[in-house]
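Protein chains in written order, with the working numbering: chain U, 14 to 236; chain D, 14 to 236. All C-beta atoms in this analysis are idealised placements derived from N, C-alpha and C, irrespective of residue type, glycine included. Quantities reported herein were computed from a predicted structural model and do not represent experimental measurements.
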DNA sequence: CGGGTGTTTGAAAGGCATCAAAAAGCGTGG
DNA sequence: CCACGCTTTTTGATGCCTTTCAAACACCCG
């Protein structure tokens, strides 16, 4: 996947700058070299629904058809490589192997979307937030030493719009998790996950991903 | 798409019967000849999250990788045709055109999932329910005469589990919509959408699908 | 016609949103 | 390097919407 983008020029975007907008012709796909993006749609009444975040090394713009279905905006300063869809199509016609690689990326997005559906449809505020933290930790490929420290460059408002909550509720939940000793807050954008197993439990554990730190197997059945 | 399944034997399932289960090896894809299915996952604590419904003519099991990611269960008596993924792969290797057809189906599922995310994350109970009704109407390819009558074979509990609400809330919202004259209830499984434009308005109108009955264009901007 | 399941309605409780204000970060300029 | 002012975050008080618990009702099938 990396190899697709080698030699492509690296564009730069300042924090808050848009990379593309919902409805634009989807001419390119992107790979993030460095930084963090938020992907969102604005509803007619002005509400903002954040569909996801993308970090260094991740791909962007694959699961669209003719137009981008959300706006992509830099959370931090971002550097990314661009590849035209025409070029991509040409390459995938040549290299058979590429087809299944791309399809896998698309399936990954479906998995994430379905996960998101369950989080929004079934979980309460505390559970949603815990799930967000745990999956952020998993995503950064966090070193498996506990406690795990994660960097969250986005604002609380971003998190709220992603989780379908208000900013106040997100703050309150984080404060409560801190009071309960599950996490520690270090400034605005760094959170230490002190008791990962408790967080995973809160999150519902409906994940099909492999556990972050499989140190012991809980004995669920007597004998 | 239809042609893929011609000649395949048609399996029958009684109402309530399972077609496949979450975690099963995803050996086949299906096309529904007749009937309605619900697709769901059960969370560790027993909650049921309905990911969607499938009706006559629709396809099933495409957007999975090695195992099915949800359980499929007959809501009504169902007849469906089955096609092994091995066979499908072989066919798509031969017929180049098939590739993009299948990819389109996958993209359709992503679109639906993202829609669902917005509904669950941003809309209130009344808005969610209105959206469900409107999109059900659109799906049945309803005749564009108003009022539109839709058949909803699933139970209220199914609808609740799909919309992330309780059965009581779904009932109350339907009753309110009825009181307000937006819909009429004919028995348990038939609903008449009396004032479609009002319902669409309630639903948020964030849909990118074409309008159901474009009879007039609302003048949004003065002059 | 009667039983059972599914649906509807009511009353009370709980959780999240809203409104408001204080506190904490953070960049800027003195 | 510190002080200032702005933005972001946090905390508090109140209200609304949805859930929960409970009971009546309707529909469907035998």
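Notebook entry, point to check: When the cut-off is 9 Å and only beta carbons count, does residue 126 of chain D lie next to chain U?
Noted result: As a position in the second chain, residue 126 of chain D is number 113, starting the count at 1. Chain U contact via Cβ: present.
Notebook entry, point to check: Under 7 Å Cβ-Cβ, which residues of chain U neighbour residue 134 of chain D?
Noted result: By 1-based counting over the second chain, the position of residue 134 of chain D is 121. Chain U residues near residue 134 of chain D: 62, 133, 177.
Margin query: Using a Cβ-Cβ cutoff of less than 6 Å, which residues in the same chain neighbour residue 173 of chain U once the five nearest sequence positions on both sides are dropped?
Written below: Taking the first residue of the first chain as position 1, residue 173 of chain U is located at position 160. Excluding positions up to five away in sequence, the list reads 179, 180, 183.
Checklist line | Between the CA atoms of residue 69 of chain U and residue 17 of chain U - distance to the nearest angstrom | finding: Taking the first residue of the first chain as 1, we reach residue 17 of chain U at position 4. Taking the first residue of the first chain as 1, we reach residue 69 of chain U at position 56. It is roughly 16 Å from the alpha-carbon of residue 17 of chain U to the alpha-carbon of residue 69 of chain U.
Check: Hey, out of U/151, U/84, U/126, U/125, whose CA is closest to residue 39 of chain U's CA?
Finding: Translated into the one-based positions of the first chain, residue 39 of chain U becomes position 26. Closest option to residue 39 of chain U, Cα to Cα, is U/84.
Next item on the list: Keeping to the same chain, check which residues put their C-beta closer than 7 Å to that of residue 195 of chain D; ignore five residues upstream and five downstream.
Entry: Residue numbering aside, residue 195 of chain D sits at position 182 when the second chain is read from its first letter. The beta carbon of residue 195 of chain D sits closer than 7 Å to those of 207, 208, 211, 212, all from its chain and outside the five residues before and after it, given in chain order.
Next item on the list: Can you pull the chain D residues whose beta carbon is under 9 Å from the beta carbon of residue 196 of chain U, in chain order?
Entry: Taking the first chain and counting its residues from 1, one reaches residue 196 of chain U at position 183. By Cβ distance, chain D contributes nothing, its closest Cβ being about 22 Å from residue 196 of chain U, past 9 Å.
Margin query: When you compare the CB of residue 13 of chain D with every CB in chain U, is at least one pair closer than 9 Å?
Written below: No answer is possible for residue 13 of chain D: the residues shown for chain D start at 14 and end at 236.
Notebook entry, point to check: Given residue 233 of chain D, which residues of its chain have a CB within under 6 Å of its CB, disregarding the five upstream and five downstream residues?
Noted result: The residue given as residue 233 of chain D occupies position 220 in the second chain. Only weak support exists for where residue 233 of chain D lies, its pLDDT of 34 falling under 50; the value from the coordinates is given anyway. If you ignore the 5 residues before and after residue 233 of chain D, its C-beta comes within less than 6 Å of no other C-beta in its own chain.
Check: Counting Cβ pairs closer than 8 Å, one from the region 48-61 of chain D and one from the region 78-98 of chain D, do we hit at least three?
Finding: Contact holds: three or more Cβ-Cβ distances are below 8 Å.
Check: Going by other Cβ atoms of all chains shown within 10 Å of its Cβ, with 16 needed for buried, is residue 19 of chain U buried or exposed?
Finding: Mapped onto the first chain, residue 19 of chain U falls at position 6. When all chains shown are included, residue 19 of chain U counts as exposed.
Check: Is residue 132 of chain D near the ligand MG, judged by its Cβ being under 8 Å from some heavy atom?
Finding: For the ligand MG, the structure offers nothing, since it holds no ligand at all.
Check: Based on the DSSP output, what are the partners of residue 25 of chain D in its beta bridges?
Finding: Numbered from its first residue, the second chain carries residue 25 of chain D at position 12. Paired residue(s): D/92.
Notebook entry, point to check: Taking Cβ positions only, does residue 183 of chain D come closer than 9 Å to chain U?
Noted result: As a working note, residue 183 of chain D is residue 170 in the second chain. By this cut-off, residue 183 of chain D is not an interface position.
Note to self: Report the start-end ranges of each beta strand (DSSP E) in the region 35-59 of chain D that is 3 residues or longer and not cut off at the edges.
What the structure shows: Whole beta strand (DSSP E) segments, 3+ residues: 41-47, 50-55.
Checklist line | Exposed unless 16 or more other CB atoms sit within 10 angstroms - verdict on residue 171 of chain D | finding: As a working note, residue 171 of chain D is residue 158 in the second chain. With 16 or more Cβ atoms within 10 Å of its Cβ, residue 171 of chain D is classed as buried.
Check: Name the chain D residues whose beta carbon is nearer than 7 Å to that of residue 122 of chain U?
Finding: Position 109 of the first chain holds residue 122 of chain U. Neighbours of residue 122 of chain U on chain D, chain order: 123.
Next item on the list: Compute the beta-carbon to beta-carbon distance between residue 133 of chain U and residue 177 of chain U, rounded to the nearest angstrom, for a pair I have assumed lies under 8 Å.
Entry: As a position in the first chain, residue 133 of chain U is number 120, starting the count at 1. As a position in the first chain, residue 177 of chain U is number 164, starting the count at 1. 5 Å between Cβ atoms; contact.
Notebook entry, point to check: Going along the chain, which residues of its own chain have a beta-carbon closer than 7 Å to the beta-carbon of residue 235 of chain U, five neighbours each way excluded?
Noted result: Start at 1 with the first residue of the first chain, and residue 235 of chain U comes out as number 222. Residue confidence for residue 235 of chain U is low, a pLDDT of 33 falling below 50, so the modelled location carries little weight; the figure read from the coordinates is stated next. Nothing meets the Cβ criterion.
Checklist line | Own chain partners of residue 204 of chain D with C-beta closer than 8 Å, once the 5 adjacent residues on each side are dropped | finding: Here residue 204 of chain D refers to the residue found at position 191 when the second chain is read from its first residue. Here the set comprises 146, 162, 163, 165, 187, 196, 197, 198.
Notebook entry, point to check: By how many angstroms is the C-alpha of residue 126 of chain D removed from the C-alpha of residue 42 of chain D?
Noted result: Residue 42 of chain D sits at position 29 when you count from the first residue of the second chain. Residue 126 of chain D sits at position 113 when you count from the first residue of the second chain. If I take the Cα positions, the gap works out to 19 Å.
Check: To which residues does DSSP link residue 159 of chain D through a beta bridge?
Finding: Mapped onto the second chain, residue 159 of chain D falls at position 146. Looking at the DSSP assignment, residue 159 of chain D forms no beta bridge with any residue, so it has no partner.
Note to self: In whole angstroms, give me the CA-to-CA distance for residue 72 of chain U and residue 31 of chain D.
What the structure shows: Position 59 of the first chain, counted from the start, is the residue given in the question as residue 72 of chain U. Position 18 of the second chain, counted from the start, is the residue given in the question as residue 31 of chain D. So the alpha carbons of these two residues sit roughly 37 Å apart.
Next item on the list: Work out the CA separation of residue 44 of chain U and residue 115 of chain U for me, nearest whole Å.
Entry: The residue given as residue 115 of chain U occupies position 102 in the first chain. The residue given as residue 44 of chain U occupies position 31 in the first chain. Taking the straight line joining both Cα atoms gives about 13 Å.
Margin query: Restricting to runs no shorter than 3 residues, where is the beta strand (DSSP E) found entirely within the region 90-147 of chain U?
Written below: Within the region 90-147 of chain U, the complete beta strand (DSSP E) runs of at least 3 residues are 91-97.
Check: Nearest to residue 48 of chain D by CA position, among D/37, D/67, D/80, is which residue?
Finding: Working through the second chain from its first residue, we reach residue 48 of chain D at position 35. For residue 48 of chain D, the nearest C-alpha among the options comes from D/67.
Margin query: Tell me the DSSP secondary structure of residue 235 of chain U in three-state form.
Written below: Counting from one through the first chain, the residue named residue 235 of chain U turns up at place 222. Only weak support exists for where residue 235 of chain U lies, its pLDDT of 33 falling under 50; the value from the coordinates is given anyway. It is coil, neither helix nor strand.
Check: What residues of chain U sit near residue 218 of chain D, judged by a beta carbon separation below 8 Å?
Finding: Walking along the second chain from the start, residue 218 of chain D turns up at place 205. Simply 57.
Checklist line | Candidates D/152, D/139, D/98, of which the one nearest residue 80 of chain D by Cα | finding: Taking the second chain and counting its residues from 1, the one referred to as residue 80 of chain D is at position 67. Considering only alpha carbons, the answer is D/98.
Checklist line | Contacts around residue 77 of chain D, its chain only, beta-carbon distance under 7 Å, and the 5 residues preceding and following it disregarded | finding: For the purposes of this step, residue 77 of chain D is identified with residue 64 of the second chain, where counting begins at 1. Counting only Cβ-Cβ distances below 7 Å, and skipping sequence neighbours, we find 39.
Next item on the list: For residue 84 of chain U, write down the residues that DSSP places opposite it in a beta bridge.
Entry: Start at 1 with the first residue of the first chain, and residue 84 of chain U comes out as number 71. Checking the DSSP bridge columns, you'll see residue 84 of chain U partnered with U/53.
Notebook entry, point to check: DSSP beta-bridge partners for residue 31 of chain U?
Noted result: As a first step, residue 31 of chain U must be located in the first chain, where it is residue number 18. Residue 31 of chain U has U/86 as its beta-bridge partners, per DSSP.
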